[in-house]
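Under my numbering, read the sequence shown as residues 248 to 373, first letter to last.
Every residue, glycine too, gets a C-beta built ideally from N, C-alpha and C.
Since the model is a prediction, treat every value here as computed from it, not as a measurement.
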Amino acid sequence: MNIALWVVAGLLAAVSLASGARKLIQPAEKLAASGYGWIEDFSGNTVKAIGTLEILGAVGLILPAVLGIAPVLVPLAAVGLALLMVGAIITHLRRHESQAIVLPMILLALYVFVASGRFGLEPFTG
Numbered sequence: 248m249n250i251a252l253w254v255v256a257g258l259l260a261a262v263s264l265a266s267g268a269r270k271l272i273q274p275a276e277k278l279a280a281s282g283y284g285w286i287e288d289f290s291g292n293t294v295k296a297i298g299t300l301e302i303l304g305a306v307g308l309i310l311p312a313v314l315g316i317a318p319v320l321v322p323l324a325a326v327g328l329a330l331l332m333v334g335a336i337i338t339h340l341r342r343h344e345s346q347a348i349v350l351p352m353i354l355l356a357l358y359v360f361v362a363s364g365r366f367g368l369e370p371f372t373g
């Protein structure tokens, strides 16, 4: 279970890092044109804040456990990213984008897996 949690957390960290970096680097107009229609419902600063939270979450999924410093931050980061996915799902539902809900739902399930695994099934000890 420990290996599965590490693998899933690593993959989620990579996805979150890439997604967050894209939101920070690319202008909102370019993101909207590339399929991020929901961007039109938010200010540029809000999109940047979401990107920043995704990057911080990605770091929180891996770095505390690797360094052995406050590893409880790993499941907390997973919970934070899960809450972002809940927000994404709600946003897509409001916009009637049923196909766009699939990826956030999958990511939500994986973040919950990591959070529950690290809080209870296979917590970091030490």
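Within 10 Å of its beta-carbon, does residue i have 16 or more other beta-carbons around it, so buried, or fewer, so exposed?
i    : result
I272 : exposed
E301 : buried
A335 : buried
N292 : exposed
K277 : exposed
L252 : buried
R365 : buried
What is the DSSP secondary structure of residue i, reduced to helix, strand or coil?
i    : result
Y283 : coil
H231 : Examination of residue 231 is not possible in this model, given that the chain is present from 248 through 373 alone.
S363 : helix
A335 : helix
S266 : helix
I316 : coil
P370 : coil
Given a cut-off of 8 Å, decide if residue j and residue i are closer than it, judged by their beta-carbon atoms.
i    : j    : result
A325 : A362 : yes
Y283 : L328 : no
L303 : P311 : no
I297 : L323 : no
V294 : K270 : yes
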